[in-house]
Amino acid sequence: MGKATIHLALYIVCVCLSINLGIQIRVKFHVAKLRKKQSLHSIAIRSSYHAILARETHYFTQNTGHNSQVRVTCLNR
9 MGKATIHLAL
19 YIVCVCLSIN
29 LGIQIRVKFH
39 VAKLRKKQSL
49 HSIAIRSSYH
59 AILARETHYF
69 TQNTGHNSQV
79 RVTCLNR
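Residue numbers (the numbering used here): 9 to 85.
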């Protein structure tokens with residue numbers, strides 16, 4: 009009876025460890041996916057910000073004749 013109890017205990021421990029490991033792997037996978045989405049999102053935000061900045065700078069320069077650096081400085085503050 010003692011051997012069966014030990015085997016059952018070892019089996020339960022192994023099952024618990026494998027479930028725990030599986031959960032950890034899934035959590036890490038989801039975290040990596042979220043980080044990837046966030047970095048892609050932040051790249052999109054940065055590129056759209058630069059596109060808007062360039063368009064506004066061009067518009068400001070065309071309509072006023074002033075140096076575009078003035079507008080860039082104002083937008084960065």
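Virtual Cβ for every residue (Gly too), placed ideally from N, Cα, C.
Just so it is clear, the structure is predicted and the values come from calculations on it, not from any experiment.
Out of curiosity, what's the CA-to-CA distance linking residue i and residue j?
| i | j | result |
| --- | --- | --- |
| LEU18 | ARG34 | 24 Å |
| LYS44 | LYS36 | 12 Å |
| VAL23 | ALA40 | 26 Å |
| THR13 | ILE27 | 21 Å |
| HIS15 | VAL21 | 10 Å |
| SER55 | HIS38 | 26 Å |
| SER47 | ILE31 | 24 Å |
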